[in-house]
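Report on the following structure.
Number of protein chains: 2
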Amino acid sequence: MSLKESLKQKGIRLSKPRLMVLEFFENNPSGHFSINEIYEILKTQKQSISFTSVYRTCKLLEKLGYIRAITFEERHVHYECNLTPHLHLQCISCGKVEERDLTNWEKIFNLLPIPKNEYLVTCFRVQVSGICKECQDKVNTKEEK
Amino acid sequence: MSLKESLKQKGIRLSKPRLMVLEFFENNPSGHFSINEIYEILKTQKQSISFTSVYRTCKLLEKLGYIRAITFEERHVHYECNLTPHLHLQCISCGKVEERDLTNWEKIFNLLPIPKNEYLVTCFRVQVSGICKECQDKVNTKEEK
DNA sequence: GCATAATTGAAAAATTTTTTCAATTTAGCT
DNA sequence: AGCTAAATTGAAAAAATTTTTCAATTATGC
Numbered sequence: 577m578s579l580k581e582s583l584k585q586k587g588i589r590l591s592k593p594r595l596m597v598l599e600f601f602e603n604n605p606s607g608h609f610s611i612n613e614i615y616e617i618l619k620t621q622k623q624s625i626s627f628t629s630v631y632r633t634c635k636l637l638e639k640l641g642y643i644r645a646i647t648f649e650e651r652h653v654h655y656e657c658n659l660t661p662h663l664h665l666q667c668i669s670c671g672k673v674e675e676r677d678l679t680n681w682e683k684i685f686n687l688l689p690i691p692k693n694e695y696l697v698t699c700f701r702v703q704v705s706g707i708c709k710e711c712q713d714k715v716n717t718k719e720e721k
Numbered sequence: 577m578s579l580k581e582s583l584k585q586k587g588i589r590l591s592k593p594r595l596m597v598l599e600f601f602e603n604n605p606s607g608h609f610s611i612n613e614i615y616e617i618l619k620t621q622k623q624s625i626s627f628t629s630v631y632r633t634c635k636l637l638e639k640l641g642y643i644r645a646i647t648f649e650e651r652h653v654h655y656e657c658n659l660t661p662h663l664h665l666q667c668i669s670c671g672k673v674e675e676r677d678l679t680n681w682e683k684i685f686n687l688l689p690i691p692k693n694e695y696l697v698t699c700f701r702v703q704v705s706g707i708c709k710e711c712q713d714k715v716n717t718k719e720e721k
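Chains as they are written, first to last, in this note's numbering: chain D, 577 to 721; chain A, 577 to 721.
Here you go:
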């Protein structure tokens, strides 16, 4: 069942603003966006949208488990719809965030101290921060001067 | 070298407000607290403190790497000073957050898709959300009625 | 003790998140 | 296609959170 059908079945109306946000995530299957970023992009389209609607649709989709909220060093909430287990790698110097698939996530998960049947797991995330290669090189270049 | 000596060496003055926040973290080596929570606790002490000072000291300690910011589902920033790799387990139903040490963190880290020498890693975190045993039981009990 | 430079605290400002409510839109029913 | 009820929207206000400002205070080295 498609996401749209699934929403309909839950009695959730497929209004224009909601469809716009749904499409946004469909067109951006990877990446993470703050509510304001999504709003800024969508409001310029023919059919406009309010900030409130982006906000509410994101909350709704999050509650339904179709997107997920993440927070990076810069603090405020971002949403992503890539729910396959992946790694977030953030550079604390330039702020860039990379995503890398965790194809071996089961192996990793099994190493965690969580007994079977204890938690009904809905989300598993791994975040690593550090200084990326480019920023390391920049610092070195500066110091050489 | 103790944290206090280390701060002094960096030219950072050990003022009373800073000492209060330092002591707070010393007395609460595990756990995670929002700035406001720390403020609410500290302001009732003989020597009072302002919100701004808690805020600034946390920012300072974070920048120096003595504490770390984390964000849970409820969104706003919490600080923790347990920097040993550990797992955050959050129940999305009752909101409770548990910490569990990752004694085998190196084994886990080595499974991540990060080539050696690519990132200068400063932080490694694993977060799992789900429904804890108690909340699962609650739901079952309700439905049995 | 003094000088001075860092730090504080209160308040204002900025930013982000959430709620309110009248107006509009949707989906189901004729 | 039009009608109706109920859900949803958007603008604005409210609430919550984070950050900055600046005069007053305090810590540190001389």
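Virtual Cβ for every residue (Gly too), placed ideally from N, Cα, C.
The model shown is predicted, which means the values in this text are computed figures rather than measured ones.
query, result
"Could you check if D/Leu665 is buried or exposed, using at least 16 other CB atoms within 10 Å of its CB as the buried criterion?", "buried"
"Is there a C-beta anywhere in chain A that falls below 9 Å from the one on D/Gly607?", "no"
"Between which two residues does the beta strand (DSSP E) containing A/Gln666 stretch?", "His662 to Cys667"
"Establish whether the CB of A/Asn612 and some CB of chain D are separated by less than 9 Å.", "no"
"Apart from the five residues just before and just after A/Cys657, which ones in its own chain have a Cβ nearer than 7 Å to its Cβ?", "Phe601, Pro605, Tyr642 and Ile643"
"Could you tell me which of A/His608, A/Thr647, A/Val704 and A/Lys592 sits nearest to A/Ser626, measuring between CA atoms?", "A/Lys592"
"Return helix, strand or coil for A/Gln621, following the three-state DSSP convention.", "coil"
"Pull up the distance between the alpha-carbon of A/Ser610 and that of D/Arg589, whole angstroms please.", "37 Å"
"My output table needs one value for A/Phe601: the three-state DSSP class, helix, strand or coil.", "helix"
"According to the neighbour-count rule (16 or more other Cβ atoms, all chains shown, within 10 Å of its Cβ), is A/Thr679 buried or exposed?", "exposed"
"Would you mind sorting A/Gly706 into buried or exposed? The rule is 16 or more other CB atoms within 10 Å of its CB.", "buried"
"Classify D/Leu640 as helix, strand or coil using the three-state DSSP reduction.", "coil"
"For chain A, check one thing: does any of its Cβ atoms lie closer than 9 Å to the Cβ of D/Gln703?", "yes"
"Can you tell me whether D/Leu696 is helix, strand or coil according to DSSP?", "strand"
"How would you list, in chain order, the residues of chain A whose beta-carbon sits under 7 Å from the beta-carbon of D/Arg676?", "Pro689"
"With 7 Å as the C-beta to C-beta threshold (strictly closer), list the residues of the region 652–672 of chain D near chain A in chain order.", "Val653, Leu663, Leu665 and Ile668"
"By how many angstroms is the C-alpha of A/Glu616 removed from the C-alpha of A/Glu629?", "For the record, residue 629 of chain A in the displayed sequence is Ser; it is not Glu. Rounded to the nearest angstrom, the two C-alpha atoms are 12 Å apart."
"Using a cut-off of 7 Å between C-beta atoms, extract the partners of D/Lys709 located in chain A.", "Glu694"
"How would you list, in chain order, the residues of chain A whose beta-carbon sits under 9 Å from the beta-carbon of D/Ile617?", "Residues of chain A passing the Cβ test: none, with the nearest at roughly 22 Å."
"Please list the terminal residues of the continuous alpha helix (DSSP H) segment that includes D/Ile588.", "Premise fails: D/Ile588 is in no alpha helix (DSSP H) and is neither H nor E."
"Does A/Leu659 pass the burial test, meaning 16 or more other C-beta atoms within 10 Å, or should it be called exposed?", "exposed"
"Can you give me the C-alpha to C-alpha distance between A/Leu687 and D/Pro661, rounded to a whole angstrom?", "13 Å"
"Give a yes or no on whether the minimum CB-CB distance between A/Gln712 and chain D is below 9 Å.", "yes"
"Thinking C-beta only, is A/Leu640 closer than 9 Å to A/Leu696?", "no"
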